[in-house]
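Residue numbers (the working numbering), protein chains in the order written: chain A, 1 to 399; chain B, 400 to 715; chain C, 716 to 995; chain D, 996 to 1341. Positions of the beta carbon are idealized from the N, C-alpha and C atoms, including for glycine. Everything numeric in this text was worked out from a predicted model, so none of it was measured. This report concerns only the one structure given below.
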Amino acid sequence: MQKYLKHSLALILVVALIAISGINCGPEEQQEPEKETYKVGALFSTTGAASNLGVPEKNTVQMMVDEINAAGGVNGHPLQVIIYDDETNSDRCATMANRLIEQDQVLAIVGPTTSGNSLSILDIVTTAKIPLVSCAASIQIVTPVAERYWIFKTPQADKEAVAETYAYLQDEGYSKIAIITATSGFGAGGRDILLADAAAYGLTIVDDQVFDEGDTSMQSQLTHIKGTDAEAVVCWSTDKEGAMVARDMSTLNMEIPLFCSHGIANRAFIDQAGEAANGVIFPAGKLLFVDEVPDTDPQKDTLVSYRDSYEALYGAGTVNTFGGHAYDALSMVVMALEDLEEGLSLAESRAAIRDSLEQITNFAGTGGVFTMSPTDHLGMQPGSLAMIEIVDGEWTWLQ
Amino acid sequence: MKKGEAWASPFLSESDFLSCSMSADQFLQYLLAGLSQGSVYALVGLGFTIIYAVTRIINFAQGEFVMLGGMLSFTLGVSAGLPLAVAAILSIVITAIIGAIMYLLAIRTAKRASVISLIIITIGASIFIRGIAGTKEMWGVDAVRPLPFTGSESIGILGAYIQPQVLWVIGAAVLVTVLLQLFLTRTVVGKALKACAVNPQAAVLVGINIKTMALIAFILAAALGGIGGVVMAPWTMMSYHSGFMIGLKGFVAASIGGFKSPIATVIGGILIGVVENMVVGINYGPFTSQYMDVWGLVVLLAILLIRSGRLASEEA
Amino acid sequence: MSGTILETRGLTKAFGGLVALNDVDISVEAGKITAIIGPNGAGKTTFFNTIAGAYRPTSGDIIFNGETMKRTPWYAKAIPPRLRQKIFAERLQQYIPAHRRTTLGIARTFQNVLLFGSMTALENIMAGQHPRSRYGFFSAALKLPRARREEERISLNAMKYLNMVGLGTYAGQNALSLPLGQQKLLAIARALATEPQLLLLDEPGAGLNTLEKRELSELIHRIKELGTSIILVEHDMPLVMGIAEWIIVLDSGRKIAEGTASQIQKDERVIAAYLGEETD
Amino acid sequence: MLARLISKWPYLIMAVLLIVLILLPFDWFPGKYTTLMIFIGISTMVTVGLCLLMGYTGQVSLGQAAFFGCGAYISGVFSKYYSVNPWLAMLIAAAVTGVFAYVIGYPILRLRGNYLALATLAIGVIVWIILRNEGPGGPDGFSGIPALSIGGFAFDTSFKRYFLVWGFCLATLFISQNIVRSRSGRALRAIHGSEAAAESIGINVAQFKVKIFVLSAVYASLAGSLFAHHLRHISPQTFDAMASVKLVVMAVIGGLASVWGAIFGAGTTRLLSDEILVRYHVLSGWDIPIYGLILVLVMIFMPQGLFVALRSASYWLRYNWRELPSITKGIYERKVLRLRSGGVQS
């Protein structure tokens, strides 16, 4: 009897699980306002490998939703953003995307955080005919535009970041470089472009090393680079690994300069690399040196307001470009929602939002100035990136 | 690799430079790197060994102990600003306590559970610990780096360089191994642990309380993990999900050592470390940094199969 | 039937340094009950395991029904015999694995019964029918008529053997829920289900009370009636003397005597061996 | 009357479940679980293989995700880059994976217990790294895998794929059920019981281990192919070590004692991680520790897994069905409270 009772826990557990998942509470049924809520979906990697990118994005979106609703919502419609965590895992991401589309019936989707996950849901959103504004770097996401009718994205493509870095290297007169990249999606994507575009800038890659997340040291890779006649090291990874590369380089007394990706545009990098961070050069959006941006710059106001409100909420020095990408993405969606007329069916409004997204012109976001068009779903104007050098623990703009 | 277009998989990929030549000091550098990484693996592996030897459980939460040690030492040492020694000892103690709690709540309560479900329990526990650590109420998702014990001026040895922290890691590995060996051979408790490892039934017969031994094993393992975390965090940095990979490597180290003696484990760890880094050094064909982990595992498989071969030859 | 069913020539098994079997030559007559006795550590069980194929002999040969258990692997064949003998001696020599020997007709039971706990008594015996039934994953997966027919046959045979050891009524019970005595009978039935010509019983009497022992010896006789030759290792002298028609005595890995019960009881070496055991 | 119904309830449940299974994907059916159910179906297929391997034969495999991945990648690459018919690609994938399993199986399966677990884990990681470095798209994986189709009829919507996947899944289950109840099934259980005894009744232990290993690999491969053609995008991180661990978790949670346990295992785990914890998705990440906690609790209180627990629960239910409502109510309410207590939905 007693053990049966215990066993019956199993039964009850299952019954409970099914029952709980059956009853529809959660976000769907808040108190209904006079005007129906605009529901937008968001997929961010708030846990897993890319969580240090996903969390600021999530924070940003939550912050914006509160601000917008406090200001009376979008044309009087309260805005609701349903955020799901894709755990930096693509099939999880796909599940959640389907969930947003089929169950939560959202008007548009913001995110996902990583290129891999964005690519993984392209087919889903395309077949479901719902606009997606990705926060991931890879250019694959929006090209070829013909196939990417429903897809937009906000961050600078890796390609531009590479171009910016290579141009700088060329100007400084480097010719032989070594690259060291993470095996993550971000790193590998960067590696492809680095390898492909080097020649165009008169650069030869004399060594090509990779490392895993969770590697405890990159010394050996760097030792190998040290053995070559490279004049500079380009590292494509996010902050933690970037910091380890920087530190191991200083450990190995390597004199040659280190260039990193925009993936380290994050206060954490400086904390982690410590002394070694100094002298590291990388391309990034203007968000990192707002104060140095001239007031004539169209982005200035956006940058200032975003940074101030974000840091007011989450602490000084916490602002970073990833949150910025989410800011741009959601802002665009909101802009689209604003000129959405009443009384459309779900499918119609989704289409309408897509169309108005494509017509966005000269929107000054945190990442750059965007002008979308049927042929360009990134639409970022050149000059959105700048090279930044870390000088005694501070980001400084290399004009 | 380009996505989209027709795709070819060159095993000799772009990273194929005919720079196999390895100068003496480079070789030394790889050796040192291997040695230092190896001792990290060893430190983690020791925990696996102890728990496995006594309880025949593979504790998948071992890596999380390391993570806890590292994160705690950061919180106490940097955020709370305690003196380094105090912070270190405190974090080790706390980790050990967590290990004890984990055993008492999760392992011991699971009566008549098969080995595999015990393994699952440890997996669940590790997910739980990692999950808690990752919440923004705890440490959040960013990697942290406690202050190195003795500066970060790199030390040159015959043309190779290492961080002083690495010396601490290696030192800790050596010291811990020696102490552990002494503990197991000299002290009563240690001998009792050994007895359980060799033959549980007999141990019970001579009146050893196997449950207490298991508890001690978990506490020891957690403490070891803590030590590992504390010494390696300033060098490798820690984030809430560092545990899994480190754990896996330590696991490999332990099993190359055959889950037997601490020394075997350390040898296993260092073997793996050196192999991986030498592969990077060769940097030709399949021997590139892309495949350093693979070669470590290949060594593991080879050793396992050789062992099983010796077993099989005894039988028909 | 008559003639020898099992023969060993210079059978030797060494574990590292310890020589458990030292150059044992025996020949077992078909259709007879042969007992192997000897003081503890005489190598009885080792001898069993070596015949049954659980151990690989260090050297020597086992001949069952005039067929050697030796096999020369292809890579050994490559080397000319004399050369091979010089370099590797017996090391490249392979022997037929245990499961093949069962198919050839050697079945065995174990000292520690080793029934399959996750099965009922009947299923245990049905498992015993394995080498005498032919259908694999595929036909099983699709429940082909062949599979059905075979299953029917298997379960009928199994029931037959179960009744033979008098456990028919426990068919549906979990094997390990039976008392030890019946477990031992079940194990014998399982071995019988492989339809062997030679049955090796490893201490069948151990742990049984006198009544069960009587049943056991009856059973063994009945099995013999089926024309199955039997070799048993047993400590219980009365039991052995009762049923064994031929007795082989091992001591510290060597055969020291063989003969009928009466002969053995008179043999000094045997007595010496047993006395030797008692004195120390 | 009710009593008699209750006494027959396992069959009732079966029937009801089947009906629900068929009706579930239709739009008018309450709740939209099509996608979730597709993933459950796919996971179940892999888990069944694990049940045969672990539950019946007693051989642990912590590398099953590798076979899953092989299936997905091979069939994905062939059907996309060499424009092979998806079905054919699926077959090729299954065949190649099977051979692969066969080749590694013979040496690996000589290992026992934890060492086997370790070796399979290692193989899993190796395969994963190779997929990541050599597979198209590297760690981002690749999309644009064609959907399956029969003649003109393409499985291009979740609705259609749902039936496809569950068709496969149920087929796998029934096949496995038949095998378990056959001569081979007995042989497997015999090996689990005692390898020596199994040898002694003429079972070729080594060979059977490999056979079942290959079978489970083929299941995994088929599941992988379905996964690839369903999602139309695959990337390595779906097949990493953690994935293998999760598969084992599914098998054990469900209960290794029966192939039907697989459904429960895959179902509960997926339901938990993809549905409930998401719906009650609390402050970032708090669903992960809860998942871990539930895992531990289930293993502590039902080491035999849910299926066995449910079965004995059903016996209990037959005699005590009257008290049931009150008990269920109590625990149910407490559960809701616990899950609600997390906080507001983000």
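Are residue i and residue j closer than 8 angstroms when you measure CB to CB?
i, j, result
"D:V1247", "B:S525", "no"
"C:S932", "C:L913", "no"
"A:V74", "A:I68", "yes"
"D:G1053", "D:T1115", "no"
"A:T95", "D:L1031", "yes"
"C:E918", "C:E949", "yes"
"D:R1181", "C:M834", "yes"
"A:E160", "A:A326", "no"
"D:A1359", "D:V1213", "Not covered by the structure: residue 1359 of chain D. The range shown for chain D is 996 to 1341."
"A:L119", "A:I141", "yes"
"A:I179", "A:W150", "no"
"B:G656", "B:T454", "no"
"D:L1242", "D:I1207", "no"
Leaving aside the five residues before and after residue i along the sequence, list all residues of the same chain whose C-beta is less than 6 angstroms from its C-beta, in chain order.
i, result
"B:V698", "V674"
"A:A97", "I121 and I124"
"A:E389", "I281, T396 and L398"
"C:G832", "L891"
"A:V210", "T181 and T183"
"C:F825", "D917"
What span of residues does the alpha helix (DSSP H) with residue i cover, start to end?
i, result
"D:Q1352", "Not covered by the structure: residue 1352 of chain D. The range shown for chain D is 996 to 1341."
"B:S438", "A423 to T454"
"B:Y560", "Counting along the chain, B:Y560 falls outside any alpha helix (DSSP H), though it belongs to the beta strand (DSSP E) covering A559 to I561."
"B:P545", "Where B:P545 is concerned, there is no enclosing alpha helix (DSSP H), given that its DSSP letter is neither H nor E."
Does the beta-carbon of residue i have 16 or more other beta-carbons within 10 angstroms, so that it is buried, or is it exposed?
i, result
"C:K998", "The structure shown has nothing for residue 998 of chain C, since chain C only spans 716 to 995."
"D:V1175", "buried"
"A:Q30", "Residue confidence is low: A:Q30 scores 48 on pLDDT, short of 50, so the model does not pin down where it sits. Its coordinate-derived value is still stated next. That one is exposed."
"B:I556", "exposed"
"B:A495", "buried"
"C:I751", "buried"
"C:K801", "exposed"
"A:Y306", "buried"
"B:R529", "buried"
"B:W694", "buried"
"D:S1230", "buried"
Keeping to the same chain, check which residues put their C-beta closer than 8 angstroms to that of residue i; ignore five residues upstream and five downstream.
i, result
"D:L1168", "T1039, V1043, V1254, W1255, A1257 and I1258"
"C:K981", "none"
"B:N676", "Y429, L430, A432, G433, Q436 and M691"
"A:Q170", "Y201, G202 and L203"
"B:L503", "L614"
Can you list, in chain order, the residues of its chain whose CB lies under 7 angstroms from that of residue i, leaving out five sequence neighbours each side?
i, result
"D:M1245", "S1038, T1042, G1260, A1261 and T1264"
"A:A364", "P298, Q299 and T302"
Just reading off the beta strand (DSSP E) that residue i is part of, what are its end residues?
i, result
"A:M380", "Here A:M380 belongs to no beta strand (DSSP E), and DSSP marks it neither H nor E."
Note to self: By the 9 angstroms beta-carbon criterion, what residues does the region 863–878 of chain C contribute toward chain D?
What the structure shows: E865, E866 and I869: these are the residues of the region 863–878 of chain C whose beta carbon lies less than 9 angstroms from some beta carbon of chain D, given in chain order.
Check: Just by C-beta distance, which residues in the region 1083–1103 of chain D are closer than 8 angstroms to chain C?
Finding: none
Note to self: Which residues of the region 1211–1234 of chain D have a Cβ closer than 8 angstroms to any Cβ of chain A? Give them in chain order.
What the structure shows: The region 1211–1234 of chain D vs chain A, Cβ under 8 angstroms: F1222, L1226, R1227, H1228, I1229, S1230, Q1232 and T1233.
Item checked: Residues in the region 235–248 of chain A having any Cβ partner in chain B nearer than 8 angstroms -> D239, K240, A243, M244 and R247
Check: What are the residues of the region 673–701 of chain B that lie near chain D, defined by any Cβ-Cβ distance shorter than 8 angstroms?
Finding: Q689, Y690, D692, V693, L696, V697, L699 and L700
Check: Taking Cβ-Cβ distances below 7 angstroms as the criterion, which residues of the region 1129–1140 of chain D are in contact with chain A?
Finding: G1133, P1134, D1135, G1136 and S1138
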